[in-house]
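Chemist: Chains as they are written, first to last, in our numbering: chain R, 3 to 267; chain Z, 173 to 513.
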Amino acid sequence: MSGFKYIVETKNLVKRFGDVIALKGVNFKVRNNEIVGLVGDNGAGKSTLVKIIAGIYAPDEGEILIKGQAFRRLTPQKAYELGIVLVHQERTLSENHTIWRNIFMGRELTGPFGFLRIKEMRDTATKLLKEIGLKAMSADTPVKYLSGGYKQGVQIARALCFEADLVILDEPTVQLSISEVQRVLEYVLELKKRGKSCIFISHNIYHVYPVADRFVLLDRGKIVAEFMKADLTPEDLSHIMVSIARTGKIPVEYEKINLIRGGQE
Amino acid sequence: MKRKNPASKSFGGIVVGTFNKYKLQVAISIIFLLLWLIFFAMNPEGFSDPATYAAITSVAPFTIIPALSLTYVIISGEIDLSFPSVMALGGWILAVTWRALGPSPLGIILALLAGLVAGMLNGFLITKCKIPSLIATIGTMFLWRGVVLVATEGFSIPLGRYRGVLIYQALVGRIGSIPMQIVWAVIIAVVLWIFLNFHKFGAYIYYTGDNREAAKMLGINTNKVLMYVYMLHGVIAAFAGILVTLEMATFWPALGEIYLLKSIASVIVGGTPVTGGIGTILGTFIGGLILELIETGILAVGVTGFWIRLVHGVVIIVALIAQVTIREREIRRMRTIMGIG
Numbered sequence: 003m004s005g006f007k008y009i010v011e012t013k014n015l016v017k018r019f020g021d022v023i024a025l026k027g028v029n030f031k032v033r034n035n036e037i038v039g040l041v042g043d044n045g046a047g048k049s050t051l052v053k054i055i056a057g058i059y060a061p062d063e064g065e066i067l068i069k070g071q072a073f074r075r076l077t078p079q080k081a082y083e084l085g086i087v088l089v090h091q092e093r094t095l096s097e098n099h100t101i102w103r104n105i106f107m108g109r110e111l112t113g114p115f116g117f118l119r120i121k122e123m124r125d126t127a128t129k130l131l132k133e134i135g136l137k138a139m140s141a142d143t144p145v146k147y148l149s150g151g152y153k154q155g156v157q158i159a160r161a162l163c164f165e166a167d168l169v170i171l172d173e174p175t176v177q178l179s180i181s182e183v184q185r186v187l188e189y190v191l192e193l194k195k196r197g198k199s200c201i202f203i204s205h206n207i208y209h210v211y212p213v214a215d216r217f218v219l220l221d222r223g224k225i226v227a228e229f230m231k232a233d234l235t236p237e238d239l240s241h242i243m244v245s246i247a248r249t250g251k252i253p254v255e256y257e258k259i260n261l262i263r264g265g266q267e
Numbered sequence: 173m174k175r176k177n178p179a180s181k182s183f184g185g186i187v188v189g190t191f192n193k194y195k196l197q198v199a200i201s202i203i204f205l206l207l208w209l210i211f212f213a214m215n216p217e218g219f220s221d222p223a224t225y226a227a228i229t230s231v232a233p234f235t236i237i238p239a240l241s242l243t244y245v246i247i248s249g250e251i252d253l254s255f256p257s258v259m260a261l262g263g264w265i266l267a268v269t270w271r272a273l274g275p276s277p278l279g280i281i282l283a284l285l286a287g288l289v290a291g292m293l294n295g296f297l298i299t300k301c302k303i304p305s306l307i308a309t310i311g312t313m314f315l316w317r318g319v320v321l322v323a324t325e326g327f328s329i330p331l332g333r334y335r336g337v338l339i340y341q342a343l344v345g346r347i348g349s350i351p352m353q354i355v356w357a358v359i360i361a362v363v364l365w366i367f368l369n370f371h372k373f374g375a376y377i378y379y380t381g382d383n384r385e386a387a388k389m390l391g392i393n394t395n396k397v398l399m400y401v402y403m404l405h406g407v408i409a410a411f412a413g414i415l416v417t418l419e420m421a422t423f424w425p426a427l428g429e430i431y432l433l434k435s436i437a438s439v440i441v442g443g444t445p446v447t448g449g450i451g452t453i454l455g456t457f458i459g460g461l462i463l464e465l466i467e468t469g470i471l472a473v474g475v476t477g478f479w480i481r482l483v484h485g486v487v488i489i490v491a492l493i494a495q496v497t498i499r500e501r502e503i504r505r506m507r508t509i510m511g512i513g
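1. Can you give me the Cβ contacts of F384(Z) inside the same chain, cut-off strictly under 6 angstroms, excluding the 5 residues immediately before and after it?
2. Ignore the nearest five residues each way along the sequence and tell me which others in E97(R)'s own chain have a CB closer than 8 angstroms to its CB.
3. From the DSSP output, which residues share a beta bridge with G39(R)?
4. What's the C-alpha gap between G264(R) and A72(R)?
5. What are the boundary residues of the alpha helix (DSSP H) that V231(Z) is part of?
6. Could you name the residues of chain Z that Y59(R) contacts, counting a contact when the two beta carbons are closer than 8 angstroms?
7. Assign V496(Z) to buried or exposed, taking buried as 16 or more other Cβ atoms, counted over all protein chains shown, within 10 Å of its Cβ.
8. Do we get a CB-CB distance below 8 angstroms when we pair R501(Z) with the residues of chain R?
9. May I ask you to report which of helix, strand or coil DSSP gives G485(Z)?
10. Return the first residue and the last residue of the alpha helix (DSSP H) that N369(Z) is part of.
11. Taking C-beta pairs closer than 8 angstroms, name the residues in chain Z that I120(R) reaches, listed in chain order.
12. Could you say which of I158(R), V244(R) and S149(R) lies nearest to I509(Z) if we only look at CA atoms?
13. Should T50(R) and K17(R) be called a contact, given that it needs their Cβ atoms to be closer than 8 angstroms?
14. Buried or exposed: which applies to N44(R), given that a residue is buried once 16 or more other Cβ atoms fall within 10 Å of its Cβ?
15. In terms of residues, what are the limits of the alpha helix (DSSP H) holding V344(Z)?
16. Less than 8 angstroms between the beta carbons of L465(Z) and F204(Z), yes or no?
17. Can you look up K251(R) in the DSSP assignment and give me helix, strand or coil?
18. Could you have a look at R175(Z) and say whether DSSP puts it in helix, strand or coil?
19. Please say whether V407(Z) and G274(Z) have beta carbons closer to each other than 8 angstroms?
20. Would you identify the three-state DSSP class for Y8(R), choosing helix, strand or coil?
21. Just to make sure I have the definition right: I need the residues of chain Z whose C-beta is within less than 7 angstroms of the C-beta of M107(R). Which are they?
22. Roughly how many angstroms separate the alpha carbons of G485(Z) and A323(Z), rounded to a whole number?
23. As an exercise, report each continuous alpha helix (DSSP H) stretch of at least 4 residues that is fully enclosed by the region 122-166 of chain R, in chain order.
24. In chain R, what lies closer than 8 angstroms to R507(Z) by C-beta?
25. Relative to chain Z, which residues along the region 76-105 of chain R have a C-beta separation below 8 angstroms, given in chain order?
26. Going by beta carbon distance, what residues of the same chain come within less than 6 angstroms of G451(Z), once the five residues before and after it are set aside?
27. Report, in whole angstroms, the separation of the C-beta atoms of V41(R) and F217(R), which I expect to be a contact under 8 angstroms.
28. Checking contacts by CB at 8 angstroms: is T50(R) closer than that to chain Z?
29. Between the Cα of A350(Z) and the Cα atoms of A223(Z), I488(Z), K396(Z) and P330(Z), which residue gives the shortest distance?
30. So, do the region 162-174 of chain R and the region 188-199 of chain R have three or more beta carbon pairs nearer to each other than 8 angstroms?
31. As a quick exercise: from F370(Z), Y379(Z) and W424(Z), pick the residue whose alpha carbon is nearest that of F115(R).
32. I'd like to check one pair, Y334(Z) with W270(Z): are the Cβ atoms closer than 8 angstroms?
33. So, with DSSP's three-state summary, where would you put F212(Z)?
34. Could you give the first and the last residue of the continuous beta strand (DSSP E) run that contains Q71(R)?
35. Against E110(R), what residues of chain Z qualify as contacts under a CB-to-CB distance less than 8 angstroms, listed in chain order?
36. If you follow the alpha helix (DSSP H) that F411(Z) is part of, which residue opens it and which one closes it?
Here is the structure:
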């Protein structure tokens, strides 16, 4: 992992949907082995930004650098090949099929003539499930029978299995029970432990705070502030978010730790 | 905490994955056996006679063979209504080639190639022109039927004089009293079953039908998958057309028409839902046998053939109710086990 400073870097991304400008020149970066908490109100442009990174939307202006390689736009396939995995609420699972099939979906292990190496995939899946704490879950269970948290777990297991370098979690904790949120946060820390990078989108500061290294605050299509976790408490972050929602500005007392204004970037 | 820890119930998870898959097939087989028992009770003599089974197995393959590849199409979330016309196209090309050159393998190769082209056209219309498969294949259904009608001017082509030839025997001859066409049906079923369950292609067919968006996001070229599925289906439909033509020793321009709904019904009775994503080859095979058993059985017990459609209708409805019930109970049972009620 050398030769590039950031796993993802966007330069002046602009995205319009008709008259609405969803992103107004966004410069966003993720370092190697860093968990970035991407926070902001509804309609701030968080999902649009990550969908561009994952190749689902094409930007109208600007470019995307993945591991130092510049792209005008990506396709989902291309992003996937470059090691970017988007974990979306239940969207990338084949519900009627087993956990092991879902983990290897699109990247099956095959032997001669394209036949599946089923035993190997099943064993690997079982091992992975154990590693991320789904010990007793059989890899043969169809995904449709799993609860929301476990479905997230299967998608994260898939990302781990493919040695994805950047895992994007778009609101992974919505609609989950308290214990399931805890489980998802553990998966995220597991990603970090294995040297992966992660973008974690959430409304809920108390979900994103424990796992993120750095917070990027998006408001109405612009990055308004960036903070290192060490510089603030969850209460500070909450306070800043409320202020942005009300006035569109961060409180003055936090300006000195804001990485954007502080000129550290 | 109300929620049960699924980890403590690992047993259910292990069992269900495999059991759920075969439960439907068991139900379909039970329907088949029940029907057989009813017919047997009504005409024990007829149903003890091997000739009855020879009759069923000589005609059933014409419904079953196109239904097998149609299962791939339906699992991938699409439909094909053009295969009866492709059967006619294949039969016609075989007939004209043989009339011109005698009974050579070339006739079969050309017929299968025609099926391939017909499948490619379907695939092209659906994946490149983005026409929904229901509409696209209505178009090609008329197109290929039209080609055959124009070319033959509605006349039949007799092929009876080639009956003794080896190639003829290999396709629709008899081994003892076993018709070769049922052997072909079994071979095709086994090959398609293997590919569907143990090959990457089969996995991609399932994902294309189950969650196409996800499949695309994960780098699966679903258009290519659909293209191959339609090409395969075209070739197999043409092959079925060859078999029908040879079994009847005549090509006639309306060939294949009666198999449209019967083959689709075989797939549906066999437990493959029209919504795609799941389904089995074995189910389709038994589904086809059920429909043919009804046809032969009704005639054998001595009521008029008018009853056939009625009983088909009843059996299809019963099979569908059974499938829905099994699936829903399975979901409820699993939810209880996993604690996500």
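Note that beta-carbon positions come from the ideal geometry of N, C-alpha and C, so glycine has one too.
Modeler: Taking the structure as given:
1. The sequence given here places Arg at residue 384(Z); Phe does not occur at that position. The answer, listed in chain order, is T394.
2. P144, V145 and K146
3. DSSP, once it has assigned bridges, lists F202(R) and F217(R) as partnering G39(R).
4. Reliability fails at G264(R), whose pLDDT of 41 lies under 50, so the model's placement of it is uncertain and the value that follows must be treated cautiously. Those two C-alpha atoms are separated by around 27 angstroms.
5. P222 to I247
6. Per Cβ cutoff of 8 angstroms: no residues; Y59(R) is ~13 angstroms from chain Z at best.
7. exposed
8. no
9. helix
10. Membership of N369(Z) in the alpha helix (DSSP H) is indicated by the continuous run M352 to F370.
11. F370
12. S149(R)
13. Against a cut-off of 8 angstroms, the Cβ pair of K17(R) and T50(R) comes out as a contact.
14. Per the 10 Å Cβ criterion, exposed.
15. L338 to V344 is the span of the alpha helix (DSSP H), which, as asked, contains V344(Z).
16. yes
17. coil
18. Only weak support is given to the placement of R175(Z): the predicted model assigns it a pLDDT of 42, under 50, and the value that follows is read from those uncertain coordinates. In this structure, R175(Z) counts as coil in the three-state DSSP scheme.
19. no
20. strand
21. Chain-order list of chain Z residues neighbouring M107(R): Y379 and L390, by C-beta distance under 7 angstroms.
22. 36 angstroms
23. Segments of the alpha helix (DSSP H) lying fully in the region 122-166 of chain R: 150-163.
24. Within 8 angstroms Cβ-Cβ: Y147.
25. P78, Q79, Y82, E83, L88, R93, T94, L95, S96, E97, N98, H99, T100 and R103
26. T243, I247 and T444
27. 6 angstroms
28. no
29. Rather than Ala, the amino acid found at residue 350(Z) in this sequence is Ile. Out of A223(Z), I488(Z), K396(Z) and P330(Z), A223(Z) has the C-alpha closest to the C-alpha of I350(Z).
30. yes
31. F370(Z)
32. yes
33. In this structure, F212(Z) counts as helix in the three-state DSSP scheme.
34. Q71 to F73
35. K372 and A375
36. T394 to M420
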